[in-house]
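Before any comments, here is the structure.
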Amino acid sequence: MKPESGEVIRSKNTVLSLFQQIPEFSPETSVIDTVLDENKLYAEYDGKRKNIESKFETIDHEDPAFEELLHEQSDLEEFAHLHDLHGLEARAKKILSGLGFSTADFVRKTKEFSPGYHHRIGLAIALLNPHNLLLLDEPTNHLDDKTKSWLADFLVSQNQAFVLVTHDPEFLNQTVDTIIEINPHGTFEFQGSLEEFFEAKNEIQEQLKAQFEKEETYLKSRMEWVERFRAQATKARQVQSVIKRLEKRDRVDNPEESFWNQKPDYQFQFVPSSNIILRLENASFSYPDKNTGVKKQIFENAEIEISAGDKVALVGPNGAGKSTLMRCLLERHKLDSGSLYYGPKTKLGYFSQTHGEDLDEGLNLVETVLKKYPELSIEKARTLLGHFAFPGDGVFKSVKHLSGGEQSRLRLALLVNHPTNCLFLDEPTNHLDIVIREAIKRSLVDFPGSLLIISHDPDFMKGLCNRTFQLSGGVLQNLNCSFDDYLKFHKEDEKESPASNTSGKPKFEEKKANPQASKNKRKKLEKEISDLEVQIERLEKNKKDKEELLQDPEFFKNRSFQLEMDTYNDIKREVALLTKRWEDATLELEEMGGVT
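880 is the number of the first residue of the sequence shown in the working numbering; add one for each residue after it.
Structure (C-alpha cells):
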C-alpha cells in the first residue's frame, strides 16, 4: 500500500518483518514446518538445497559439472552458515514454546488449532523471520498473561527496533520507550511510557484550554470597548485601529476534547426476560480428530444455569474449548448428549472472535448498519458508528477494506442495537482502544440483562462479572465466586492447555503427588534442561566449525575428508539426540507447571 501523498523513506539496509492481525497459512502443514517454510531465508536455502541434492543423484563424480556443483553447494552452505539456518529449527521451537505450544504440538497440523493459536503461529513466523525492524499489529490479542509476559521479555531482550500497534496499556508500559499518537492534525511523538504520555497529553490540553480562555477573555474585553465607543466621533479612529489589530491577530482555536478523555455514551438494547435465561444439563461434546478419526472430548457431564441479570465469566486455559462450549450453548454445535433449555423470553446476542463471518463485503459501513436496522435514520446509523471510532466520511469505507480491528468494532456496533436480554461475548476487547474498551465496559455494567464472557483482559472483567465458571481438562466447574475473587484465589491453579489432550479423554481427577518429591523432580528437570542447553550450544559450535570446512571446495580433495564427514555426521546425530531429550524434559516440566 502506498501513501496518497508524501513518501516513505527507509535505509537500504532496513529489513522488515510484519505480523498482521489475521495470518494465513496452509491448514495441512505442521506447526513447525509452517513456521520454517514461512521463513524467507530458510525457504530460499531449502529450495536450492533440494535442487542440488537431486542433481547429485544423477551426475557422475568424474563429470566436470560435479566440481561446479560442489562449489554451488559450498556457496549455499556458506549462505546457511552466515544466517545460522542450521540452528533455525531450534530457535523456532524455543519461540513456539514461549508462545504456549508444547513439544507435542510442533508436529500437529495447523488446522487442529483454534484461531487464537493461529494468531500465535503467525506471531512466531514474524519473530523468526530475518529483520532489523519488527512491525507488530495487535500482537497480544488471544494471549494469556504468561505468554504476554514472555513476549514482552523477548522483545526487550532482542535489542532490535520494533513498532507496536496495540490497545494493551500494560504491555505498552512493559515494552516501549516512545509513544506516537496519530490524530487528525498529524502525529504527536512522546518519549516515555504510556502513563507518562497520558499525563503529558492532559497537561498540554490544560495549557491549550487556558490559552484559549485567556484569548477569549481578551477579545471579549476589547470588543466591549469597541461597542462602547463605536458611536463616538472622537473615538472613531481608535475604534477602527483596534478592529484592524484584532482582525490581524492570530486566532487561538478552542482545543478539541482529547480523544483519550472522550466517553462515548450508548446502551445495549434490552428486552425483558424470564427468570431463567438458559440451563445446560449433563452435557457432553466431542469432535473427531481429522487425522486419526478418534473423538476428542471437549467437555463431559457439563452443567450451567444462567439466570436473569447474571454476568458470567467463562475462564480456563487456552485450547480448553471455551469458544466451543459457547457455540454449543448457542446451538451452533450439536451436543453429543445432555439437554439445553432456553427460557421462554430468552433473546441472545453473540459476538465471536472470528472476523467478518457475518459481514457483506459489497457494502460500506453505514449501509451495513442500515441493512440490519432499516428503521434507523442515516444520522443515527452514523452516530452509532461514531461511538466505535468511525468518524466523518469513515462510515463510507467498504467492508472488504476493513482491518481485523475495524471488523470487530463494526460487529460490536451492530450488536449494540440488537434487542437482547443475554449477550455472549467471545474476546470482545481484542483490537479495541482504551477509550472504546472502557465505554463497552460501562455499557455492560449498566446492561440489565445477562452476560457470558470469554476474555484474556482481566482489567475488563474486574467489577463486571459476578459469577465464574472454569472449563479445564474437559470439566466445567462452577467456582461460586466473582471474577475478582477468581483472580485472588483460583488464577494460579490454571494451567496452559493448547488443545493438546490427544487422548480424547478429559482429566477428571489426578492422584496427589508428594509435594517435596515433586519439587525435587522439578529442580532435577530444570538442571537437566540447563545442562542440555549448554551441551547443545557447544556441539552446535563444533558443527559450525565443521561446516566452515565443508564450504571449501578444496576440502573434498583432501584424503581426510571422509573422516571429517563422519565426525560431522556424528555431531549432527548427537545434537539430534540431545535436542530430543531437551524436548522431552521440557514437555515433562511443562506438565508439572513450568519453571518455578
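We put the beta carbon where it would ideally sit given N, CA and C, even for glycine.
query	result
F1368, buried or exposed, once every other Cβ within 10 Å from all chains shown has been counted against 16	exposed
Touching by the beta-carbon criterion (3+ pairs, under 8 Å), the segment 938-951 and the segment 1019-1028	no
Distance CB(E956)-CB(E1469) smaller than 9 Å	no
Q1039 versus P1327: straight-line alpha-carbon distance, rounded	48 Å
Proximal residues to Q899 (C-beta, below 6 Å), its chain only, five neighbours per side dropped	D1016
Span separating the alpha-carbon of R1206 from that of D1239	22 Å
Buried or exposed (CB count within 10 angstroms, at least 16 for buried), T1066	exposed
Alpha-carbon spacing of L1418 relative to L1428, whole angstroms	16 Å
Cut-off 7 Å between Cβ atoms - residues of its own chain near Q1090, not counting five sequence neighbours on either side	V1131
Own chain, CB closer than 8 Å to R1288, minus 5 neighbours either side, in chain order	F1267, A1268, F1269, H1310, L1311 and I1315
Among S1216, V1295, F1050 and F1041, the one whose alpha carbon lies nearest that of Y1145	V1295
Coarse secondary structure for C879, derived from DSSP in three states	In the structure displayed, the chain extends from 880 to 1475; residue 879 sits before or after that span and is not available.
Length of the line joining the Cα atoms of T1446 and L1466	30 Å
Proximity of S1282 and K1226 at Cβ, strictly below 9 Å	no
D1129, DSSP secondary structure in three states	coil
K988 - DSSP class collapsed to helix/strand/coil	strand
Cβ contact (3+ pairs, closer than 8 Å) linking the segment 905-925 and the segment 986-1004	yes
DSSP three-state assignment for A1378, whether helix, strand or coil	Unreliable positioning characterises A1378 in this predicted model, as indicated by a pLDDT of 45, which lies under 50. A coordinate reading is not provided.
C-alpha distance - N1011 paired with K891, whole-angstrom precision	12 Å
Range covered by the alpha helix (DSSP H) that runs through E947	P943 to L961
DSSP-derived helix/strand/coil call for S896	strand
Candidates D1215, I1177 and P1223, of which the one nearest D1204 by Cα	Inspection of the sequence shows that residue 1204 is occupied by Leu rather than by Asp. The shortest Cα separation from L1204 among D1215, I1177 and P1223 belongs to I1177.
Cβ pair count under 8 Å reaching 3, the segment 1056-1076 against the segment 1099-1119	no
Residue of G1228, F1076, D954 and L1255 minimising C-alpha distance to C1301	G1228
Top-ranked residue by Cα proximity to S981, from G885, N1197 and K934	N1197
Those runs of the alpha helix (DSSP H) which lie wholly inside the segment 1205-1287 and span at least 4 residues	1244-1251 and 1257-1265
Proximity of A1162 and V1354 at Cβ, strictly below 9 Å	no
Beta-carbon spacing of T1347, D1336 below 9 Å	no
Nearest-angstrom Cα separation, counted from E1078 out to D954	56 Å
CB contact flag (D1189, N1008, <9 Å)	no
Contact between the segment 1255-1262 and the segment 1210-1217 (3+ Cβ pairs under 8 Å)	no
Separation of P994 from G1265, as counted between CA atoms	28 Å
DSSP-derived helix/strand/coil call for R1116	helix
Alpha-carbon spacing of N1448 relative to L1456, whole angstroms	12 Å
Residues near L1255 in its chain [Cβ-Cβ closer than 7 Å; skip 5 each side]	V1248 and L1249
For I1122 and Q1086, the rounded distance between their alpha carbons	27 Å
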